[in-house]
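S.K.: Residue numbers (this note's numbering): 15 to 547.
Even for Gly, the Cβ is constructed at its ideal location relative to N, Cα and C.
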Ligand SMILES: Cc1cc2nc3c(=O)[nH]c(=O)nc-3n(C[C@H](O)[C@H](O)[C@H](O)COP(=O)(O)OP(=O)(O)OC[C@H]3O[C@@H](n4cnc5c(N)ncnc54)[C@H](O)[C@@H]3O)c2cc1C
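Now the structure itself:
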């Protein structure tokens, strides 16, 4: 009999023996009658400050004893042995090999599934492979040398390569998530990501996993081309006939478009090809940096120095008032660094990343305020669905200029930001070396500024002990999610205008984040292979 048991509580430094002991006690059975213990999920409970934080586990265990175990529905249930996920094979005739565009999480997982199914996909990526991209990104951060085709946002691994590598998953499709995580583990990620409630990889480890993932795609018959940019899609009678990649035509009847939401030229090209697009809401704001020790103290109290806890995270929200909007913290990077991001000359945005150890002295998070389509002024001569892009670009240009026009991030102490006064200086101790003191007042619309000023002190108050004088504000966060949706046929996942064109991942406007983008690509590939797409 296989049993699933929730709420197994063990100390942070537990051994397999400790887990077995607690399970046996809970089931009121002998330890020797239990076997094959699998931890399904693990989260830290640090709510009580008067006792050390503990792990709360969900486990599965095999039981062979004679006495029936104590079952309590929802806490201890009989379950089934897990079924291995079947390898999907193509059941449709393949005339031309499918083309996948973009080697971010969505494109890589799509290409892998198509290759494993024997379809020999061609994966094209405008940026460079990881090994070449890393020095390019360093040159951008250190010397402001921007390569518009290969940078923090473009290149193998996509926007996720220089990221925190948080694997936040909202999907209910546990088996697909498991498959994605197992693929990452097979490529070098820690098996802890299979069980942790808040799995994290870190940019240093991602830089090893992504080339291994590419290697797997090639081993099972896929082809990967770097510095290869999709320039055009060709369709006849509403059906895809081929794509143009860096001047070369490729005949295909299936193109999986995983170009992310920074590839604004792709949206413009699709708009010219009459592919249905619509503007969608997103969020903008600033990124705050705080001493990590204050966050740890606020979350873990006197246990903050317990090394097995790692750097603490937070999630904060604020509902808004009558003349303000709501605000929420986003993409918190404990023990991380604030980074400058750009994929076009003269436009600058900020974000956060971390390494696997999350051991840097600062934590950072975006503080975002939603913007709706009503906020985007229509631009003359601009496709109406792309007005959100023009809106983003205006604030990215303003940030670039406020930072001194050399890709330094404009930054201001929180106290001055709240008071609206000119900055005297910014702290020498900070994570982002290339930052310039600037008044952030005009770098976002007045309603967003008003909301941030009202919300931030109230939100930070929930982190007991955080000193507002120690907080640094970087501008601006403009690319938290896509401002455009490439409208899909809900039944097939294809573009509503071009059969055979599959917009997937974050750039499609239907997903956000590493996991949901990867899963979106896997779903599209599975559906297409089965002949349903
Ligand atoms: C700094 C940073 C930190 C982040 N941290 C996290 C995090 O911790 N957790 C999380 O879940 N999410 C995080 N994100 C968001 C996450 O990276 C994205 O949601 C995810 O990468 C989207 O995956 P994607 O494959 O859809 O698109 P992308 O990752 O954007 O990949 C798109 C790829 O397409 C390529 N491309 C674009 N146009 C073309 C073209 N015309 N021809 C060929 N190739 C093209 C690009 O070069 C790029 O490599 C972070 C993002 C950033 C920028």
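Quick one: what does DSSP say residue 215 is sitting in, helix, strand or coil?
M.R.: In the chain shown, residue 215 corresponds to position 201, counting from 1. In this structure, residue 215 counts as coil in the three-state DSSP scheme.
S.K.: Per the contact definition of three or more C-beta pairs closer than 8 Å, is the segment 483-494 in contact with the segment 220-227?
M.R.: With the cut-off at 8 Å, the segment 220-227 and the segment 483-494 do not touch.
S.K.: Only counting the same chain, and skipping five residues up and downstream in sequence, which positions put a Cβ closer than 8 Å to that of residue 464?
M.R.: Counting from one through the chain shown, the residue named residue 464 turns up at place 450. Cβ within range, chain order: 337, 338.
S.K.: Is residue 205 helix, strand or coil when you go by DSSP?
M.R.: Counting from 1 along the chain shown, the entry for residue 205 is found at position 191. Note: residue 205 maps to helix in three-state DSSP.
S.K.: Terminal residues of the continuous beta strand (DSSP E) containing residue 270?
M.R.: If you number the chain shown from 1, residue 270 lands on position 256. 269-271 is the span of the beta strand (DSSP E), which, as asked, contains residue 270.
S.K.: If you compare alpha carbons, which of 456, 79, 209 is closest to residue 196?
M.R.: Numbered from 1 along the chain shown, position 182 holds the residue referred to as residue 196. For the residues 456, 79, 209, the minimum Cα distance to residue 196 belongs to 209.
S.K.: Which residue from 343, 307, 424 puts its Cα closest to that of residue 374?
M.R.: As a first step, residue 374 is located in the chain shown; it is residue number 360 there, counting from the start. Measuring from the Cα of residue 374, the nearest candidate turns out to be 307.
S.K.: To the nearest whole angstrom, what separates the beta carbons of residue 75 and residue 21, a pair I think is in contact under 8 Å?
M.R.: By one-based count along the chain shown, residue 75 stands at place 61. By one-based count along the chain shown, residue 21 stands at place 7. Incorrect: roughly 14 Å between the Cβ atoms, too far for contact.
S.K.: Whose C-beta lies closer than 7 Å to the C-beta of residue 355 among residues of the same chain, with five residues either side of it excluded?
M.R.: On the chain shown, residue 355 is found 341 positions in, with the first residue counted as 1. Within the same chain, residue 355 has close Cβ partners 166, 167, 363, 364, 365.
S.K.: The alpha helix (DSSP H) with residue 281 in it runs from where to where?
M.R.: Residue numbering aside, residue 281 sits at position 267 when the chain shown is read from its first letter. Counting along the chain, the alpha helix (DSSP H) containing residue 281 begins and ends at 278-286.
S.K.: Would residue 252 and residue 513 qualify as a contact pair, given that the criterion is a beta-carbon distance under 7 Å?
M.R.: Here residue 252 corresponds to residue number 238 of the chain shown, with the count starting at 1. Here residue 513 corresponds to residue number 499 of the chain shown, with the count starting at 1. It is a contact, given that the beta carbons lie within the stated cut-off.
S.K.: Using a Cβ-Cβ cut-off of 8 Å (strictly less than) and excluding sequence neighbours within five positions of residue 82, which residues of its own chain qualify?
M.R.: Taking the first residue of the chain shown as position 1, residue 82 is located at position 68. Taken in chain order, the list of residues that qualify is empty.
S.K.: Indicate, with yes or no, if ligand 1 has a heavy atom lying under 6 Å from the CB of residue 548.
M.R.: Absent from the model: residue 548. The displayed extent of the chain is 15 to 547, so no value can be given.
S.K.: Please classify residue 363: does DSSP put it in a helix, a strand, or coil?
M.R.: Position 349 of the chain shown, counting from 1, holds the residue named residue 363. Residue state, collapsed to three classes: strand.
S.K.: Return the bridge partner residues of residue 86 from the DSSP annotation.
M.R.: For this step, residue 86 is matched to residue 72 along the chain shown. 90, per the DSSP bridge assignment.
S.K.: Which same chain residues end up closer than 8 Å to residue 237 when comparing Cβ atoms and leaving out the 5 residues on each side of it in sequence?
M.R.: Translated into the one-based positions of the chain shown, residue 237 becomes position 223. 134, 135, 136, 137, listed in sequence order.
S.K.: Spatial neighbours of residue 276 within its chain, please: CB distance less than 6 Å, with the 5 preceding and 5 following residues excluded, ordered by chain position.
M.R.: Sequence index remark: in the chain shown, residue 276 carries index 262 (1-based). Answer for residue 276: 167, 357, listed in chain order.
S.K.: Is the number of C-beta pairs between the segment 116-123 and the segment 528-536 that are closer than 8 Å three or more?
M.R.: The segment 116-123 is in contact with the segment 528-536.
S.K.: Could you give the distance in angstroms between the alpha-carbon of residue 204 and the alpha-carbon of residue 143?
M.R.: Counted from its first residue, the chain shown places residue 204 at position 190. Counted from its first residue, the chain shown places residue 143 at position 129. Between residue 204 and residue 143, the C-alpha separation is close to 23 Å.
S.K.: Can we count residue 244 as close to ligand 1, meaning its CB is less than 6 Å from some heavy atom?
M.R.: What you label residue 244 is simply residue 230 of the chain shown in a count that begins at 1. Because some heavy atom of ligand 1 lies under 6 Å away, the Cβ of residue 244 counts as near it: yes.
S.K.: Hey, out of 459, 254, 478, 522, whose CA is closest to residue 113's CA?
M.R.: Residue mapping note: residue 113 aligns to position 99 of the chain shown, counting from 1. Checking every option, the nearest Cα to that of residue 113 belongs to 254.
S.K.: Looking at residue 257 and residue 242, is the spacing between their C-beta atoms short of 7 Å?
M.R.: Numbered from its first residue, the chain shown carries residue 242 at position 228. Numbered from its first residue, the chain shown carries residue 257 at position 243. No.
S.K.: State the Cα-Cα distance for the pair residue 454 and residue 299, rounded to the nearest angstrom.
M.R.: Counted from its first residue, the chain shown places residue 454 at position 440. Counted from its first residue, the chain shown places residue 299 at position 285. Looking at the two C-alpha atoms, the distance is approximately 11 Å.
S.K.: Given a cut-off of 7 Å, decide if residue 479 and residue 312 are closer than it, judged by their beta-carbon atoms.
M.R.: Translated into the one-based positions of the chain shown, residue 312 becomes position 298. Translated into the one-based positions of the chain shown, residue 479 becomes position 465. Yes, the pair counts as a contact, with Cβ atoms nearer than the cut-off.
S.K.: Would you give the residue range spanned by the beta strand (DSSP E) that residue 301 belongs to?
M.R.: The residue given as residue 301 occupies position 287 in the chain shown. Here the beta strand (DSSP E) through residue 301 covers 296-305.
S.K.: Helix, strand or coil for residue 528 per DSSP?
M.R.: Indexing the chain shown from 1 puts residue 528 at position 514. Helix at residue 528.
S.K.: Using 10 angstroms around the beta-carbon of residue 141, count the other beta-carbons present and answer buried if the total reaches 16, otherwise exposed.
M.R.: Taking the first residue of the chain shown as 1, we reach residue 141 at position 127. Buried, because 16 or more other Cβ atoms sit within 10 Å of the Cβ of residue 141.
S.K.: Can you grab the Cα-Cα spacing for the pair residue 39 / residue 45, in whole Å?
M.R.: As a first step, residue 39 is located in the chain shown; it is residue number 25 there, counting from the start. As a first step, residue 45 is located in the chain shown; it is residue number 31 there, counting from the start. If you take the alpha carbons of residue 39 and residue 45, they lie about 8 Å apart.
S.K.: Name the two residues that bound the continuous alpha helix (DSSP H) containing residue 401.
M.R.: On the chain shown, residue 401 is found 387 positions in, with the first residue counted as 1. That run of the alpha helix (DSSP H) goes 401-416.
S.K.: I need the boundaries of the beta strand (DSSP E) containing residue 246, first residue and last residue.
M.R.: For the purposes of this step, residue 246 is identified with residue 232 of the chain shown, where counting begins at 1. Its beta strand (DSSP E) spans residues 244-250.
S.K.: Pick from 163, 198, 188: whose alpha carbon is nearest that of residue 180?
M.R.: The residue labelled residue 180 in the question sits at position 166 within the chain shown. It is 198 whose Cα lies nearest to the Cα of residue 180.
S.K.: Is the closest heavy atom of ligand 2 to the C-beta of residue 346 under 6 Å?
M.R.: Looking at this structure, you won't find ligand 2 anywhere; what it does contain is ligand 1.
S.K.: I need the straight-line Cα distance from residue 317 to residue 63, nearest angstrom please.
M.R.: Locating residue 317 in the chain shown gives position 303, counting from the first residue. Locating residue 63 in the chain shown gives position 49, counting from the first residue. C-alpha separation (whole angstroms): 8 Å.
S.K.: For residue 432 versus residue 475, is the C-beta distance shorter than 7 Å?
M.R.: Working through the chain shown from its first residue, we reach residue 432 at position 418. Working through the chain shown from its first residue, we reach residue 475 at position 461. The answer is no: Cβ separation not under 7 Å.
S.K.: Within the same chain, show all residues whose beta-carbon is closer than 6 Å to that of residue 495, passing over the 5 residues directly before and after it, in chain order.
M.R.: Here residue 495 is taken as the residue at index 481 of the chain shown, counted from 1. Excluding residues within five positions, the ones whose Cβ falls inside 6 Å are 296, 526.
S.K.: My output table needs one value for residue 471: the three-state DSSP class, helix, strand or coil.
M.R.: Indexing the chain shown from 1 puts residue 471 at position 457. If DSSP states are grouped into helix, strand and coil, residue 471 belongs with the helices.
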